[in-house]
Structure formats: C-alpha cells, structure tokens
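In the numbering used here, the protein residues as written are 1 to 646.
Each residue gets a CB set at the ideal place from its N, CA and C atoms; glycine is no exception.
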C-alpha cells in the first residue's frame with residue numbers, strides 16, 4: 001500500500017513491556033523505579049482487514065516526550081481512575097529505547113502496586129500514545145512521529161522486550177513474535193468498519209487489540225471483583241487505623257495531663273521562688289539600713305517579721321552599751337572632749353590643743369572617727385532620745401551627698417585653686433582608622449579654668465551646762481550633732497549651686513507632668529553626651545508624692561512615674577533613673593543628671609571653738625565649727641532642672 005492511500009487507523013491502544021532486573025532499578029528511599037517503556041519491536045495491527053507490522057521509529061526526532069515530561073501520569077492497566085504515580089522524566093537513549101524514571105504515590109492502592117513491583121509480581125509496562133505521522137512500506141506500518149501521553153503497569157503485556165531495568169537490546173527475529181502469538185480472538189477484536197477517508201487520528205496500541213465495547217466489558221468483568229476485594233481490605237485497614245488513633249489519642253491525653261500537672265507544679269514552685277526572692281530582698285534591705293549581716297537569716301528561711309523582731313532585740317542591747325568606749329579611743333584626746341572639759345570648768349584642758357585662727361585646730365581624722373561609730377547609714381537615730389529633741393541634734397533632713405558621686409578635693413593649702421575644664425572638641429577631626437602613610441588629623445580641644453576660692457562655712461551648737469554635767473559622753477554627741485549639721489547644710493548649698501547653674505526646661509503643658517516631659521529632659525542629657533547610667537534624679541517630698549500618683553506610659557503596665565521600695569531607699573524615675581528625695585530641692589521641679597561634675601574643695605585649717613560667755617546668764621555653752629570650702633559645677637549642661645509650667 002502506498003503512502004498516499006492511508007486507511008483510517010483504529011483508536012488509541014497500548015503496548016505492554018516485561019519488567020526485569022527489578023533490584024537494580026528500584027530506589028526505596030525515593031520510591032522511584034527506572035523502566036523502559038518503548039522500543040522499535042514490531043506489533044501486529046489489523047487495519048481494514050489486513051495485518052500489518054507496526055514499527056515505531058524510536059529516536060529523539062521521532063518521539064515527542066513533552067506530555068510525559070510535563071508530569072505524565074503513571075497508571076495501572078491504563079485506567080485513568082487508578083493513578084498510582086507520576087513520570088519524573090522520560091528520554092530516548094542511543095540504543096533506540098525509551099526509558100523513564102517513575103515515582104510511586106504513598107496512597108494505599110499505589111503502595112500495594114509498588115510492593116508488587118518490589119516482589120517482581122507486577123512486571124509488565126505499557127504506554128499510551130498518539131500517532132502524528134506514518135507511512136506504509138509493504139506489510140509494515142512505519143510510524144515516523146508519535147507522542148506518548150501515559151505509562152502503565154499492566155497485568156497482561158504485549159511487548160515483552162522492555163520493562164523495569166530492561167536493556168531492550170532486541171534481536172531481529174523477534175520482529176514478528178507478537179504476530180505469531182496472536183490468536184483468532186485477538187484478530188477479530190481489533191476489526192472495525194473501514195472508512196474511505198484517509199484521515200490521521202490519535203492511535204493507542206495494545207497487543208490484545210480490543211474493540212471499544214467488548215474490551216471495556218471484558219476489563220470490567222475482570223477488575224471489579226479485584227476492586228471490591230481492595231475496598232474491603234481498605235475498609236478493614238481504616239478500622240484498624242481508627243482503633244490505633246483512639247489508642248494513640250488516649251496515650252496523648254494521659255501525656256498531656258501529666259504535662260499539665262508538671263506545669264502546675266512549676267507554677268507553684270515559681271510562686272514559692274518569687275516569695276522567697278521577695279523575702280530575701282526585704283531582709284537584705286532591712287539589714288542594709290541597720291548594718292547587720294543577713295546571710296544567716298536568709299539561709300535559715302527566717303521570715304521578715306522574725307528578722308525585724310531580731311533587729312529590735314539587738315538594737316535594745318546596743319543602746320545599753322552605746323556609751324561604752326573602746327580602750328584605744330579612751331586614750332585619744334579629742335578636741336571636742338577638751339573643749340567640753342573646759343566648759344565644765346577645767347581650765348587646763350586646753351593646754352595640749354593647737355590654736356587656730358578662729359579656735360582650736362581639729363585633729364586629722366577626728367570627724368571621720370566620730371562617723372565611724374554611727375549605727376545607721378544616715379546617722380539618723382544615733383543620738384539618745386532624751387537629748388536629741390532638746391539641744392544636741394535638731395531635726396535635720398537626711399543627707400544625700402554620699403549617693404550623688406560628688407568630686408571632693410581635700411588638703412588645699414593655696415589661697416585659690418584652679419581646675420582646667422574641657423569645654424569643646426573640634427568635630428572636624430577625631431580618632432578614626434587611617435591608611436598607612438596617611439596624615440593624622442589633629443583634634444582641637446578648647447579649655448577654660450574653674451577657680452575655687454576658700455569660703456568660710458561655719459555653724460554652731462548650743463549646749464546647756466546641766467546637759468553637759470548629766471551626759472556621760474557629751475563630747476561625742478556634740479561632735480556628731482556638728483557633723484549632721486555640716487552634712488545637711490552642705491547638701492543645701494550643693495543643691496542651691498546645682499539649681500542655679502543647671503539647664504532649665506519646662507513641661508509641655510501647664511500644671512501637668514508626664515513621662516514625655518521626663519523623657520525629653522533625658523534626651524537633652526544624652527545629646528550633651530551625658531551617660532544615662534550615671535544619671536540621678538532628685539526631687540522634693542511634694543514632687544515625690546506627685547510622681548507616685550502619676551501613671552507611667554498611660555498606665556499600660558499599672559506603674560507610676562516613681563516606683564520602688566520606700567524602706568530600702570531604692571526608688572526609680574520612669575523605671576530607668578535612680579530617684580532621691582531631698583527637702584532642699586524646690587517644689588514642682590526635678591533635678592536630673594550626672595552630679596559627678598560638682599566639685600567640693602576643702603582647705604586645711606578646720607577649727608572648733610567653745611564660747612562660754614555669750615549665753616553665760618543661761619549657763620549655755622556654744623560650740624562653733626569653722627571650715628573653708630568652695631563648691632563649683634564644672635559642666636552645667638550635665639544637670640537639667642525640669643519645672644512644671646505654671
């Protein structure tokens with residue numbers, strides 16, 4: 001038959017291939033199988049009552065693999081509803097054999113077929129394709145252009161020359177193998193009425209050459225029982241899986257309950273730990289104030305109340321021995337003791353004292369010695385109650401100078417003392433990385449001088465003669481009262497100097513203080529290169545009470561602008577800056593910044609004088625203390641005075 005007289009080809013059929021060398025073609029880790037799905041092996045076709053040897057030319061130019069390489073389907077027995085995998089890639093090799101790498105699904109039915117392949121039970125490969133071009137040459141139907149569209153594992157093969165792992169090097173004498181094996185039934189099933197139109201239609205080949213209706217009925221008769229069995233197996237498998245899930249869920253619930261119990265126990269432990277931390281913190285705060293060792297109370301789980309009672313008991317014992325002096329201190333002749341003895345009538349008591357410009361010179365370290373005997377951090381309550389309210393120790397505010405980090409210069413001899421002060425640096429040049437040989441730029445530093453001059457700083461304490469005669473250690477109490485007076489008066493002067501030189505700021509709104517105002521002041525400090533970790537805020541009691549009642553961050557966290565423990569003096573402004581209360585700070589203001597730039601200079605020549613004549617008629621002696629001091633703020637921009645706008 002010539003090329004021009006092309007009869008109509010039958011509808012798409014299938015070719016089957018035998019699977020061999022399974023162990024070398026299967027990769028269990030990826031569930032993939034290497035198969036050979038097509039070759040040039042002849043297959044007999046009945047076209048218009050004439051038998052032809054169909055030969056598909058298997059070269060890359062003759063075979064269009066686009067549909068297979070675009071996620072082609074891997075089926076079972078060419079049933080479109082039995083999808084068991086996907087074609088990963090397909091190719092035509094030099095030995096004119098089509099090969100593909102297919103991957104099995106993990107579904108129940110697909111997994112069964114995959115196991116049959118592993119067991120070498122399912123060993124046949126088939127593929128469906130469309131014929132795009134062909135011609136006749138004698139008794140041969142030569143297909144010159146073909147497009148495969150699916151690959152199937154099948155039960156009954158047609159072309160045994162290809163399969164899983166098969167090399168497919170066929171011999172010529174196999175060309176008519178399938179034709180010789182075909183029986184009469186096979187030939188009759190492929191017959192179809194002949195039409196005269198020479199039109200090319202898609203063809204799918206099969207060795208068995210079924211007709212559409214009979215082949216479908218035959219497949220249904222064979223497959224349906226197998227599907228029912230598989231459905232029953234799947235139902236039983238599902239029931240087993242459901243029972244397994246119930247058992248697993250029971251185990252999970254028990255595990256979750258145990259986890260909840262552990263979480264509840266952890267919460268209880270956390271609460272106990274938090275209570276213990278609060279107990280330790282309170283005990284440490286109390287111990288700090290009364291200068292006692294809290295370690296034993298902490299380690300033995302003593303409660304806060306028991307610790308307080310123990311402190312009170314110890315305090316009572318200490319008060320009984322308050323006037324007992326150390327043997328070494330009894331031997332030391334203090335200036336204040338000599339002046340007290342003189343005021344009592346011993347005129348020889350002043351013989352060993354050195355006379356100064358305004359009184360008698362105070363021995364070096366004498367004031368420090370008096371402070372060393374103080375039983376509290378601030379000396380409050382160190383003086384006996386029966387004398388404190390009358391003459392010795394007026395009600396003075398608690399000194400805060402020791403907490404501000406002030407710079408103190410002592411032992412000055414010169415009339416004036418000059419301190420160089422760095423005012424600015426040229427920002428055009430500073431330290432940086434340079435290349436080798438590059439000129440180093442110089443930074444221009446500007447300095448000026450801060451001059452400290454000695455200024456008289458003095459105070460007096462009046463004491464009645466009856467008090468001096470009745471007190472067993474009146475000299476110690478007079479000296480301590482003088483020290484408290486000096487400390488608090490110095491605090492007042494320092495704060496006054498800082499307020500006078502500080503950078504002034506006002507709140508944004510009249511009569512209102514907010515966290516935004518405080519943060520704006522802190523921002524100005526940071527812009528002046530003042531480290532925030534070295535800053536302290538000082539407020540008056542009135543402002544402190546106001547801060548404690550002002551919400552912070554719109555009260556989101558339920559805290560106020562001033563937070564902390566009153567008992568331990570640990571207070572914080574906006575939870576980021578230590579806060580101190582002083583009666584010398586102006587109301588409605590906050591002093592905040594680095595106070596280490598405040599310098600106090602102390603010149604030598606401090607003296608102590610006793611005056612027995614001014615108030616002789618009332619038998620009162622006045623003890624006067626003279627110092628030469630000066631106070632200077634070296635960097636006024638280091639402190640900001642934030643004032644509530646009127």
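Pick from the options: whose alpha carbon is nearest that of residue i?
i           : options            : result
residue 539 : 591, 525, 635      : 591
residue 548 : 532, 534, 572, 531 : 572
residue 41  : 140, 581, 260, 233 : 140
residue 234 : 110, 284, 467      : 110
residue 611 : 465, 502, 102      : 465
residue 580 : 570, 587, 269      : 570
residue 69  : 438, 513, 101, 252 : 101
residue 281 : 268, 269, 270, 295 : 295
residue 145 : 138, 136, 155, 132 : 132
residue 630 : 477, 496, 483      : 496
residue 302 : 284, 416, 289, 288 : 284
residue 498 : 586, 312, 438, 526 : 586
residue 36  : 402, 83, 89, 55    : 89
residue 471 : 306, 337, 515, 432 : 337
Determine the direct distance from the alpha carbon of residue j to that of residue i, and round the result to whole angstroms.
i           : j           : result
residue 647 : residue 552 : Outside the modelled stretch of the chain, which goes from 1 to 646, sits residue 647, for which no answer is possible.
residue 180 : residue 94  : In this prediction, residue 180 has a pLDDT of 34, which is less than 50 and means its spatial position is unreliable; what the coordinates show is noted afterwards. Computed Cα separation, rounded: 29 Å.
residue 286 : residue 545 : 23 Å
residue 561 : residue 584 : 21 Å
residue 298 : residue 341 : 47 Å
residue 60  : residue 229 : 42 Å
residue 130 : residue 112 : 30 Å
residue 637 : residue 479 : 37 Å
residue 231 : residue 28  : 26 Å
residue 633 : residue 450 : 9 Å
residue 134 : residue 30  : 39 Å
residue 488 : residue 481 : 11 Å
residue 350 : residue 608 : 12 Å
residue 118 : residue 26  : 8 Å
residue 411 : residue 535 : 28 Å
residue 46  : residue 62  : 23 Å
residue 501 : residue 421 : 16 Å
residue 259 : residue 266 : 10 Å
residue 400 : residue 440 : 46 Å
residue 115 : residue 254 : 37 Å
residue 279 : residue 335 : 46 Å
residue 240 : residue 104 : 24 Å
residue 264 : residue 246 : 27 Å
residue 603 : residue 417 : 10 Å
residue 532 : residue 577 : 8 Å
residue 354 : residue 290 : 37 Å
residue 205 : residue 242 : Here residue 205 scores only 43 on pLDDT, less than 50, and its place in the model is too uncertain to base an answer on.
residue 313 : residue 293 : 15 Å
residue 640 : residue 269 : 46 Å
residue 503 : residue 288 : 35 Å
Buried or exposed for residue i, going by 16 or more other Cβ atoms inside 10 Å?
i           : result
residue 598 : buried
residue 594 : buried
residue 80  : exposed
residue 589 : buried
residue 434 : exposed
residue 405 : exposed
residue 468 : buried
residue 2   : Note that residue 2 scores a pLDDT of 45, beneath 50, so its modelled location is shaky and nothing firm can be said.
residue 454 : buried
residue 445 : exposed
residue 43  : buried
residue 484 : buried
residue 476 : buried
residue 707 : Only positions 1 to 646 of the chain appear in this structure, which leaves residue 707 out of reach.
residue 517 : buried
residue 423 : exposed
At a cut-off of 7 Å, is residue i close to the ligand SAM when judged by its beta-carbon and the heavy atoms of the ligand?
i           : result
residue 524 : Questions concerning the ligand SAM fall outside what the structure shown contains, since it holds no ligand whatsoever.
**Q.** contact_flag[the segment 606 to 623, the segment 495 to 509] where n(CB pairs < 8 Å) is 3 or more
**A.** no
Q. Pairing CB atoms from the segment 48 to 61 with CB atoms from the segment 112 to 125, are three or more of them under 8 Å?
A. no
(Q) If contact is defined by three or more beta carbon pairs under 8 Å, each pair taking one atom from either stretch, is the segment 443 to 461 in contact with the segment 623 to 635? (A) yes
Q.
Please give me, in chain order, every unbroken run of the alpha helix (DSSP H) with length at least 4 that falls completely inside the segment 540 to 618.
A. 541 to 548
Q: Please determine if the segment 142 to 155 and the segment 70 to 77 are in contact, where contact requires at least 3 C-beta pairs separated by less than 8 Å.
A: yes
(Q) Quick check for students: name the residue ranges of the alpha helix (DSSP H) that lie wholly in the segment 12 to 86, counting only runs of 4 or more. (A) 22 to 25
Q.
In chain order, what are the residue ranges of uninterrupted beta strand (DSSP E) at least 3 long that sit wholly in the segment 447 to 503?
A. 455 to 464
(Q) Quick check for students: name the residue ranges of the alpha helix (DSSP H) that lie wholly in the segment 242 to 327, counting only runs of 4 or more. (A) 295 to 299, 304 to 320
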